[in-house]
Amino acid sequence: METRREKTSPRTRLLIGALAAAALSAGTFGAVSATASTPRQAPAAETAEAADRNVHRTRHLTVDAATRAAQAALKAARQDGRQVTVAVVDRNGTTVAVLRGDGAGPQSYESAQRKAYTAVSWNAPTSDLVKRLETTPTLKDIPGTLFLGGGVPVAVDGAPVAGIGVAGAPSGALDEAYARAGAAALGVR
């Protein structure tokens, strides 16, 4: 049996060759593209190291701890017969808890918050910061701060996590003593 071969024209052969070359090129390009677009998966340890370099971690006082500290400060003031307001702010200066004692003056609310904010901002008691005003009087111009005794920072491993401010006692020294009682209730600095 004889098979008959039809003769194809040069134009048809050229077209078939071009189509074959295009198909082969497309397959090769697709394989290279697929390989190039697949990102290399970093090992978990490498990813964790990158996260540690790019993320700053901070500690914050819990709401329960802030409430406990405020209650302890208010109790210490009550035992001395003083009417005060106690404010506890977190590391960012955001108010977490405020307790206004019976009979505390209306100005004590904002003063307590500002003392707490000042203490956490500088990680120092506000009574110490008052002394800095002698050499740097413009510190008092920073919004939200109050450079009067009565604010103490709460720190863990040397880094501030909160500030406690007390206002309303007859002196900043008494306010600070009550704020320290609040900090002592937390078992840290």
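Quick note, the sequence shown lines up with residues 1 to 189 if you use UniProt numbering. Glycine included, every Cβ here is placed at the ideal spot set by N, Cα and C. In this text the structure is predicted, and so the values were computed from the model without any measurement.
Spatial distance of residue i from residue j (CA atoms)
i	j	result
T67	G163	12 Å
V130	F147	5 Å
L174	G150	7 Å
P153	G182	11 Å
L139	R114	13 Å
R82	S127	19 Å
V32	D52	Any reading at V32 must be qualified, since the residue scores a pLDDT of 49, below 50, and its modelled position is unreliable; the value itself is stated next. If you take the alpha carbons of V32 and D52, they lie about 34 Å apart.
A177	K75	12 Å
T136	S171	23 Å
A179	E134	24 Å
V188	T47	34 Å
V84	E49	48 Å
D64	V98	12 Å
A116	N54	30 Å
Q71	L186	11 Å
A169	A104	9 Å
Residue interval of the beta strand (DSSP E) (run including residue i)
i	result
T135	Per DSSP, T135 belongs to no beta strand (DSSP E) and is neither H nor E.
R180	Not the beta strand (DSSP E): R180 falls in the alpha helix (DSSP H), residues 172-184.
L61	Where L61 is concerned, there is no enclosing beta strand (DSSP E), given that its DSSP letter is neither H nor E.
A155	151-156
D90	85-90
Beta-carbon proximity of residue i to residue j, cut-off 8 Å
i	j	result
G101	R78	yes
A167	S108	yes
G165	A119	yes
V96	A112	no
Whole-Å CB distance - residue i paired with residue j, under 8 Å assumed
i	j	result
N123	A155	6 Å
Residue i: first and last residue of the uninterrupted alpha helix (DSSP H) it sits in
i	result
T118	107-122
- Message: Quick check: the stretch 88-103 against the stretch 53-62, are at least 3 beta-carbon pairs closer than 8 Å?
- Response: The stretch 53-62, when compared against the stretch 88-103, does touch it at the 8 Å Cβ threshold.
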